[in-house]
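*Asks:*
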Amino acid sequence: MSLLDTLLRCVAVVVVFLTFPLIIGQTEHKVMAHMQGRLGPMYAGGFHGWAQLVADGVKFAQKEDVVPLDADRRVFQLAPAVALLPYMLVLLVIPVGPEGFVGQAVDAGLIFVLAVMGIGVLGSLMAGWASANKFSLLGGLRTAAQLMSYELPMLLAAASVAMAAGTLSLPGILGAFHWWWVPWQLIGAFVFFTAGLAELQRPPFDMPVADSEIIFGAYTEYTGLRFAFFLLSEYAGILVISALTAVLFLGGWHGPMPESLGWLWTLLKTFALAFVVIWLRVTYPRLREDQLMRFAWTCLIPLALLQLAITGVVKVAIS
Amino acid sequence: MSLLAAAGSLDPAARSFLSPTGVEIVFLLVGLAVLGSAVISVTTRQLVHAALWLVVALGGLAIEFLLLTAEFVAWVQVLIYLGSVVVLVLFGLMLTKAPIGRSPDANSGNRWVALGVALAAAGTLVTLVVDAFRTSWVDLGAGGGSTRVTGEYLFRYWVLPFEALSVLLLAALVGAIVLSRTGKGRVPKPRAGKLRAGKPVGTNGRAASATTARPTASTPPVQES
Amino acid sequence: MNIPGSGLAKGLAVTLRTMTKRSVTAQYPEVQPELPPRTRGVIALLEENCTVCMLCARECPDWCIYIDSHKETLPAAEPNARARTRNVLDRFAIDFSLCMYCGICIEVCPFDALFWSPEFEYAETDILELTHERDRLREWMWTVPPPPALDPAAEDPKEIAMARKAADKLAAAAEAAAAEAVAAGPAGGEPA
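Protein chains in written order, with this note's numbering: chain A, 1 to 319; chain B, 320 to 544; chain C, 545 to 736.
So, in structure tokens, the structure goes:
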């Protein structure tokens, strides 16, 4: 791999990282509005408010960057970066199309993705503690509790796919994919996607940022660009979770069209799943904290274990 | 370490330590960073900072694994230690309302004992490793630490330690459950107010599951991870 | 029969269905609203019809109509006749910061000089400027829509009913006369 090639891939990942979350955010604005019988942004940019998020970005950049007096300055300022960067790293290894259409193929890609995404939550925890605000602290606590509960079913569901494919590499998993994997791994897909939603703190699992009770959780004290970074990390997280679910459970680039158009399938599946994320947000109310925990431990984990068992049995049966 | 030793071929080639390669220099620098952050992590008076320095130390360790081409081990290190253990530590610190700034009462008075134990442990480990490998040169060829190789060694040659570790974890799990259940017998009955809150208005059948909600039931497995 | 999760699915269906429907948002400054007939936007004045009878100003519950006038003497049209006087309107203003849009002035006007206009964009930055003078009120007269058509089954207005009655009477008389004529000359030789 030449230097130019590496550079190009990195630039492509950065561009994707900076644009796709905005596309998802704009989609959320519009889809949520229409699902609620509204129109959503209509002014910015002229045509149906397409530039709303650009305007938002400009607004955030103009705002004063306030750090509370009692806050732990350095940790407070570092937290948005810790929350944001892992998602960019994850994008690097998600395969988009066949034959090396991926930022960087990693041997243990699946573990890498899950590990790095776990780091992102550290940002929320740091923000929650360093803000010197009780709402932030509560948000941070809830984030930590939620992360630890939902990481396990997510890992188990991902392990089921790895078992089925016999590899931890994401392109390798896609290479081994057959269409009947979709029904075979259906439970795993449900568990993975749901746990992913919870890890992103998206509704209906948004207890850590429940705005009606703890303002905005760990991000309460943030303003300006740092707040924008947290928001961006949320939408980048949607992109990552959707892409991962598409790659692991829906067959990524596989689809009824020539191989050269595989990247289109990946994008299509990713955005369809992102739409589902938005759809769920509009439809369901927030779960209570104890309901959240009960759902993870008494529903998702047994389901994930069941999926593991099914995968194992089928794998032994067909080999 | 032993894993890598088993992975690569042990050829005592006449390599010079005086002309290090780039990877070796980076390895050394990262090692110094890990050491530094570990020292800060145990000496700082700010509790949460200690946990965050621990993140740096453990992350640096993951980079060391990567430099030794043990990719799988590196990512598992990140997943378990950064993603779960440190989160758990931070969770505990937040629960106990760790203050921002210095905690004057953070000094337990065991400073010198701890230093002694640390030095003894480090001495033992360094002696062991140095004595085990001497001047043997481990070739970090491609794929030496890949997932496949790691898995094969883990489940072929090191199965017994692996299983013993899982028994240890099981013991910890059981212990956690016992600890959380010692509160004088049974779980207290939910109060009337709670009961009403958990019950959907206007339905009669589905309320049964809500009344059995025990928020504490989720804590023991958390400690396991 | 209650399948677990059917409620969740129903919720998803509701939001999806709402998304495919037209949204109810009114894009007001870009798109003017479709106002129903007889919208009470503002009161317009057709000052040509006003005789300064002062009924509107007196009936107004919050006294928001200001009328000034003077008398003008018209020279006698015929040598023996008296000179006539008539009222000339000097000022007609409505203070819309007081007006409560009850419409009594319009109801009470005997000469059809006041009308409801659907025009509603006359906000001002100062409350004093909400007292609109007669030129502005006259301009609003152009925005008054024609009265909506009657319902198909409605009774005719009084004027039309009376005119029709008269016309019917005339027609009946003409018919009677024609019948009489036929009866008088039966051998009139009618073409079959």
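Think of the CB as a built atom: it goes at the ideal place given N, C-alpha and C, for glycine as much as any other residue. If you're wondering where the values come from, they're calculated on a predicted model, not measured in any experiment.
Determine the chain C residues that contact residue 184 of chain A at a beta-carbon separation under 8 Å, and present them in chain order.
*Replies:* Within chain C, no residue comes near residue 184 of chain A; the closest Cβ sits about 21 Å away, beyond 8 Å.
*Asks:* Is it the case that the Cβ atoms of residue 675 of chain C and residue 282 of chain A are separated by a distance below 8 Å?
*Replies:* no
*Asks:* With DSSP as the reference, identify every bridge partner of residue 343 of chain B, one or two as the case may be.
*Replies:* Residue pairing by DSSP places residue 343 of chain B opposite no residue, since no beta bridge is assigned to it.
*Asks:* Is there at least one Cβ from chain B nearer than 8 Å to residue 111 of chain A's Cβ?
*Replies:* yes
*Asks:* Using a Cβ cut-off of 7 Å, pull out every chain A residue sitting near residue 394 of chain B, in sequence order please.
*Replies:* Within chain A, the residues near residue 394 of chain B are 108, 111, 112 and 115.
*Asks:* Just verifying my parser: in three-state terms, what is the DSSP assignment at residue 97 of chain A?
*Replies:* strand
*Asks:* Taking DSSP's pairing of strands, which residues face residue 187 of chain A in a bridge?
*Replies:* Residue 187 of chain A pairs with nothing; no bridge assigned.
*Asks:* With a cut-off of 8 Å, does the C-beta of residue 151 of chain A fall near any C-beta of chain B?
*Replies:* Yes, contact with chain B.
*Asks:* Indicate the three-state DSSP secondary structure (helix, strand or coil) for residue 5 of chain A in the structure shown.
*Replies:* helix
*Asks:* Taking only runs that begin and end inside the region 179-226 of chain A, name each unbroken alpha helix (DSSP H) of 4 or more residues, in chain order.
*Replies:* 181-184, 186-200 and 211-214
*Asks:* Might you give, ordered along the chain, the residues of its own chain that have their beta carbon closer than 6 Å to the beta carbon of residue 116 of chain A, omitting 5 neighbours on each side?
*Replies:* 86, 89 and 90
*Asks:* Suppose contacts are defined by Cβ-Cβ distances below 8 Å. Is residue 249 of chain A in contact with residue 296 of chain A by that definition?
*Replies:* no
*Asks:* Report buried or exposed for residue 64 of chain A, applying the criterion of at least 16 other Cβ atoms within 10 angstroms of its Cβ.
*Replies:* exposed
*Asks:* Tell whether a beta-carbon distance below 8 Å holds between residue 489 of chain C and residue 638 of chain C.
*Replies:* This structure cannot settle anything about residue 489 of chain C, because the visible part of chain C is limited to 545 through 736.
*Asks:* Near residue 626 of chain C, what residues of its chain come up, given a Cβ to Cβ distance below 7 Å and the 5 sequence neighbours on each side ignored?
*Replies:* 620, listed in sequence order.
*Asks:* Should residue 34 of chain A be listed as close to the ligand PLP, given that the test is whether its C-beta is under 7 Å from any heavy atom?
*Replies:* No copy of the ligand PLP occurs in the structure displayed, which carries no ligand at all.
*Asks:* Using 10 angstroms around the beta-carbon of residue 428 of chain B, count the other beta-carbons present and answer buried if the total reaches 16, otherwise exposed.
*Replies:* exposed
*Asks:* Helix, strand or coil, according to DSSP, for residue 429 of chain B in the structure here?
*Replies:* coil
*Asks:* If we call anything under 8 Å between Cβ atoms a contact, is residue 166 of chain A one with residue 159 of chain A?
*Replies:* Result no, Cβ atoms of residue 166 of chain A and residue 159 of chain A do not sit closer than 8 Å.
*Asks:* Could you tell me the distance, in whole angstroms, from the CA atom of residue 436 of chain B to the CA atom of residue 178 of chain A?
*Replies:* Put simply, the backbone Cα of residue 436 of chain B is about 55 Å away from that of residue 178 of chain A.
*Asks:* Taking the alpha carbon of residue 184 of chain A as the point to measure from, which residue in A/280, A/311 and A/38 has its own alpha carbon closest?
*Replies:* Of the candidates A/280, A/311 and A/38, the one whose C-alpha sits nearest the C-alpha of residue 184 of chain A is A/311.
*Asks:* Give me whichever residues DSSP pairs with residue 639 of chain C in a beta bridge.
*Replies:* In the DSSP assignment, residue 639 of chain C forms a beta bridge with C/675.
*Asks:* Taking CB distances under 8 Å as the criterion, tell me whether residue 147 of chain A reaches chain B.
*Replies:* So, interface residue.
*Asks:* Out of A/244, A/81 and A/226, which one is the CA nearest neighbour of residue 57 of chain A?
*Replies:* That would be A/226, whose Cα lies nearest to the Cα of residue 57 of chain A.
*Asks:* Whole angstroms are fine: how far does the CA of residue 218 of chain A sit from the CA of residue 61 of chain A?
*Replies:* 20 Å
*Asks:* Any contact of the region 197-216 of chain A with the region 140-148 of chain A, i.e. 3+ C-beta pairs under 8 Å?
*Replies:* yes
*Asks:* What is the residue span of the alpha helix (DSSP H) that residue 498 of chain B lies within?
*Replies:* 478-500
*Asks:* Let me confirm a value: residue 171 of chain A is counted as buried when at least 16 other C-beta atoms fall within 10 Å, else exposed. Which label applies?
*Replies:* With 16 or more other Cβ atoms inside 10 Å of its own Cβ, residue 171 of chain A counts as buried.
*Asks:* Here's the rule I'm using: 16 or more other beta-carbon atoms within 10 Å means buried, otherwise exposed. How should residue 52 of chain A be labelled?
*Replies:* So residue 52 of chain A counts as buried.
*Asks:* Under the DSSP definition of a beta bridge, which residues are partnered with residue 659 of chain C?
*Replies:* Paired residues: C/588.
*Asks:* If you check the beta carbons only, do residue 612 of chain C and residue 630 of chain C fall under 8 Å apart?
*Replies:* Going by C-beta atoms, residue 612 of chain C is not nearer than 8 Å to residue 630 of chain C.
*Asks:* From which residue to which residue does the beta strand (DSSP E) around residue 572 of chain C run?
*Replies:* Per DSSP, residue 572 of chain C belongs to no beta strand (DSSP E) and is neither H nor E.
*Asks:* Report yes or no: do the region 109-125 of chain A and the region 395-403 of chain B share at least 3 C-beta pairs separated by less than 8 Å?
*Replies:* Between the region 109-125 of chain A and the region 395-403 of chain B there are three or more inter-stretch CB-CB distances shorter than 8 Å, so the stretches are counted as touching.
*Asks:* Going along chain B, which residues have a C-beta under 9 Å from residue 232 of chain A?
*Replies:* Near residue 232 of chain A there are no residues of chain B at all, since even the closest Cβ is about 21 Å away, more than 9 Å.
*Asks:* Would you mind stating whether residue 281 of chain B and residue 369 of chain B have Cβ atoms separated by less than 8 Å?
*Replies:* Nothing about residue 281 of chain B can be reported from this structure: the residues present for chain B run from 320 to 544 only.
*Asks:* From what residue to what residue does the alpha helix (DSSP H) around residue 301 of chain A run?
*Replies:* Note, residue 301 of chain A: alpha helix (DSSP H), 301-318.
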